[in-house]
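Trainee: I have a structure here, written as structure tokens, and I will follow up with some questions on it.
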């Protein structure tokens, strides 16, 4: 029918609008379906009707990956500091304080060690809720130390990326974290320990241009935005609309930059399976 | 000669000097005292202006249209021995990234750098010095070649950033830069990186991992350009001066923060005033650094290179 409305947007009239009490219900931002929050959690924060992968934080990913949600956090006390006295519309020091108050996190990445299907691994996971998951000194240092830990105890390494890129308020220091993390990954590689990079929505900028693209395997959740330049910047450059699905996981898989796409439900088993073959069950040289 | 806004006092003096010279020639009068007085004044003025440049003014100088670009440096310091090499052996030859072999005072080296265009047409072809993934992959191919034949690598950095185009994304701009960072830490020959103009973000760092990272006096190196920083954090372009200050992007700041290893001085009034003196300073610095670096074993070079970048960052614990 020509008058049928196909577009997204408000689908119910105000009179029929259902308020969703916080905590009990989850409303999918993609398909607008409403479902019990409990079911949504059980489905690992993936919409049951449209498979939309909700953006989740490091605690949630640890819950997804580690056996019985048991793990030990590493280097928990490293804190960012506004050593450049950076100030834009508000001082960086205040931004840090606000971010910590709002998220209960000290910076945009947590690292932990624990068992995944019985195999011990180190997982570093970014938090988009902390200043857009931006990479500053602390993110770089925690990855660096997690790699030291992997080398010392001979453990495979997983990074779950979710980031807008380098953190401007730390200027060239954040830029150099790209170099620092890449440098440390060469040492991990020399120790012949597997490194799996998991790209989730979004993985852009300096993170893509360093550790996120340097995995022995690069894998991604479905429909995640993954790119170097943001879509808005690319659009301004080419001065025309971007093709559908541009810079999404499926696009990167097609172009040859990902090994496979994995739904969150399968993430744990898939990581376990490849690490088992690459490391725990292989014939040692 | 093109003058930047803060160079106006110099422009006035130089124009006055030219007028006096013309008058002198026309009327056959001796104006040499007046000229030498003015010359002294000009030097004084330049010193005064160039000793107290703001961060934003340095950004402006780094983009001065009369400033020499990569190939001009290469031609001079290799004394005509440079042979340009092309292509990434995969997709294309990126004109925004140049490279090749040349001899500096008899030492064969591999020289690589972003290249900006010298006129309107070339600026388009060279994409204003913004490389595509194939540019970074060409750079890496040449670095591996240098490693194989034990030639030190010199990279000259001058870019407003990696090219943010549709095809660049399709061909993996992020992966190309990431791969270079990773591989440059494993290259077994000495690497010297010199920022000769703009050092913007991942686009600069993509050829910026070295045993020595040096900046010319009036250049900048940061995670983002002051304009883009202003547009993101202040949501308009009017705060570029403030952003330039806040980003601590000058050579002095970068050295103070231990993010680079040294500063190469520019001639008075910037390298756009005297190309040759600038080229010579760069050549001398390369030779002096090479003499130290060439004594180190491959293992030592690599472990020190990694150690240096590993230390970058300030945090509380």
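Protein chains in written order, with my numbering: chain A, 362 to 646; chain B, -5 to 311.
Note that the Cβ used here is the ideal one computed from N, Cα and C, for glycine as well.
The structure presented is a predicted model; accordingly, all values stated were derived computationally and were not measured.
Answer with buried or exposed for residue 115 (chain B), where buried requires no fewer than 16 other C-beta atoms within 10 angstroms of its C-beta.
Mentor: Exposed, since its Cβ has fewer than 16 Cβ neighbours within 10 Å.
Trainee: Give the residues from the region 10 to 43 of chain B that approach chain A closer than 9 angstroms (Cβ to any Cβ), ordered along the chain.
Mentor: Listed in sequence order: no entries.
Trainee: Go to residue 386 (chain A), then tell me how far its beta strand (DSSP E) extends in each direction, as first and last residue.
Mentor: Here the beta strand (DSSP E) through residue 386 (chain A) covers 386 to 388.
Trainee: Using the beta-carbon of each residue, which ones in chain A are nearer than 8 angstroms to residue 216 (chain B)?
Mentor: Here the neighbours are 532, 533 and 536.
Trainee: Can you find a C-beta in chain B that's less than 8 angstroms from the C-beta of residue 415 (chain A)?
Mentor: No - not a single Cβ of chain B is within 8 angstroms of the one on residue 415 (chain A).
Trainee: Compute the beta-carbon to beta-carbon distance between residue 439 (chain A) and residue 467 (chain A), rounded to the nearest angstrom, for a pair I have assumed lies under 8 angstroms.
Mentor: Residue 439 (chain A) to residue 467 (chain A), Cβ: 7 angstroms. Contact.
Trainee: Residue 572 (chain A) and residue 240 (chain B) look like a contact to me (Cβ under 8 angstroms); what is the Cβ gap, rounded to whole Å?
Mentor: Incorrect: roughly 26 angstroms between the Cβ atoms, too far for contact.
Trainee: Taking the C-alpha atoms as reference points, what is the distance between residue 594 (chain A) and residue 393 (chain A)?
Mentor: Going from the Cα of residue 594 (chain A) to the Cα of residue 393 (chain A) covers about 29 angstroms.
Trainee: Report yes or no: is there a C-beta of chain B within less than 8 angstroms of the C-beta of residue 619 (chain A)?
Mentor: Not one chain B Cβ lies under 8 angstroms of residue 619 (chain A).
Trainee: Could you tell me whether any Cβ in chain A is nearer than 8 angstroms to the Cβ of residue 303 (chain B)?
Mentor: Judged by the 8 angstroms Cβ criterion, residue 303 (chain B) is in contact with chain A.
Trainee: Along the chain, where does the beta strand (DSSP E) that runs through residue 214 (chain B) open and close?
Mentor: Looking at the DSSP string, the run of the beta strand (DSSP E) that includes residue 214 (chain B) is 214 to 216.
Trainee: Hey, does residue 1 (chain B) have any beta-carbon neighbour from chain A nearer than 8 angstroms?
Mentor: Residue 1 (chain B) does not count as touching chain A.
Trainee: Taking Cβ positions only, does residue 547 (chain A) come closer than 8 angstroms to chain B?
Mentor: Closer than 8 angstroms to some Cβ of chain B, the Cβ of residue 547 (chain A) qualifies, so yes.
Trainee: Does the Cβ of residue 288 (chain B) have 16 or more other Cβ atoms within 10 Å, making it buried, or fewer, making it exposed?
Mentor: It is exposed - the Cβ of residue 288 (chain B) has fewer than 16 other Cβ atoms within 10 Å.
Trainee: Just verifying my parser: in three-state terms, what is the DSSP assignment at residue 104 (chain B)?
Mentor: Strand at residue 104 (chain B).
Trainee: Taking only beta-carbon positions, decide if residue 362 (chain A) is within less than 8 angstroms of chain B.
Mentor: Unreliable positioning characterises residue 362 (chain A) in this predicted model, as indicated by a pLDDT of 47, which lies under 50. The coordinate reading is nonetheless provided below. For residue 362 (chain A), the answer is no, since every Cβ of chain B falls outside 8 angstroms of its Cβ.
Trainee: What is the DSSP secondary structure of residue 414 (chain A), reduced to helix, strand or coil?
Mentor: In the structure shown, residue 414 (chain A) sits in a strand (DSSP, three-state: E or B).
Trainee: Are three or more beta carbon pairs between the region 102 to 111 of chain B and the region 163 to 171 of chain B nearer than 8 angstroms?
Mentor: With a cut-off of 8 angstroms, the region 163 to 171 of chain B and the region 102 to 111 of chain B do not count as touching, because too few Cβ pairs lie within range.
Trainee: Alpha carbon to alpha carbon, how far is residue 521 (chain A) from residue 500 (chain A)? Give it in angstroms, no decimals.
Mentor: When rounded, the distance between both Cα atoms is 12 angstroms.
Trainee: Nearest to residue 140 (chain B) by CA position, among B:277, B:103 and B:85, is which residue?
Mentor: It is B:103 whose Cα lies nearest to the Cα of residue 140 (chain B).
Trainee: Got a sec? Which residues, its chain only, sit under 6 angstroms from residue 87 (chain B) by beta carbon, not counting five neighbours each side?
Mentor: 80 and 81.
Trainee: With 7 angstroms as the C-beta to C-beta threshold (strictly closer), list the residues of the region 429 to 457 of chain A near chain B in chain order.
Mentor: Correct list: 438, 439, 440, 441, 442, 444, 445, 447, 448, 449 and 450.
Trainee: Give the residues of chain B in contact with residue 554 (chain A), contact being defined as C-beta atoms less than 8 angstroms apart.
Mentor: None at all; the shortest Cβ gap to chain B is about 15 angstroms.
Trainee: Where does residue 470 (chain A) fall in DSSP's three states?
Mentor: Strand at residue 470 (chain A).
Trainee: What residues from the region 576 to 601 of chain A come within 7 angstroms of chain B, judged by C-beta to C-beta, listed N to C?
Mentor: Against chain B - using a Cβ distance shorter than 7 angstroms - the residues of the region 576 to 601 of chain A are 588, 589, 590, 594, 595, 598 and 599.
Trainee: How many whole angstroms separate the CB atoms of residue 568 (chain A) and residue 526 (chain A), which I take to be in contact at a CB cut-off of 8 angstroms?
Mentor: Indeed they touch by this definition, with Cβ atoms about 6 angstroms apart.
Trainee: At which residues does the alpha helix (DSSP H) containing residue 152 (chain B) begin and terminate?
Mentor: From DSSP, residue 152 (chain B) is part of no alpha helix (DSSP H) but of the beta strand (DSSP E) over 147 to 153.
Trainee: Excluding five sequence neighbours on each side, which residues of the same chain lie with their C-beta closer than 6 angstroms to the C-beta of residue 77 (chain B)?
Mentor: So the list reads 94 and 95, once near-sequence residues are dropped.
Trainee: Give a yes or no on whether the minimum CB-CB distance between residue 298 (chain B) and chain A is below 8 angstroms.
Mentor: Answer no: the Cβ-Cβ gap between residue 298 (chain B) and chain A never drops below 8 angstroms.
Trainee: Could you compute how far the alpha carbon of residue 636 (chain A) sits from the alpha carbon of residue 485 (chain A)?
Mentor: Looking at the two C-alpha atoms, the distance is approximately 16 angstroms.
Trainee: Report the CB separation of residue 50 (chain B) from residue 238 (chain B) in whole angstroms; it is logged as a contact under 8 angstroms.
Mentor: About 4 angstroms separates the two Cβ atoms, so the contact holds.
Trainee: Any idea if residue 556 (chain A) is buried or exposed, counting beta-carbon neighbours within 10 angstroms, 16 or more meaning buried?
Mentor: When all chains shown are included, residue 556 (chain A) counts as buried.
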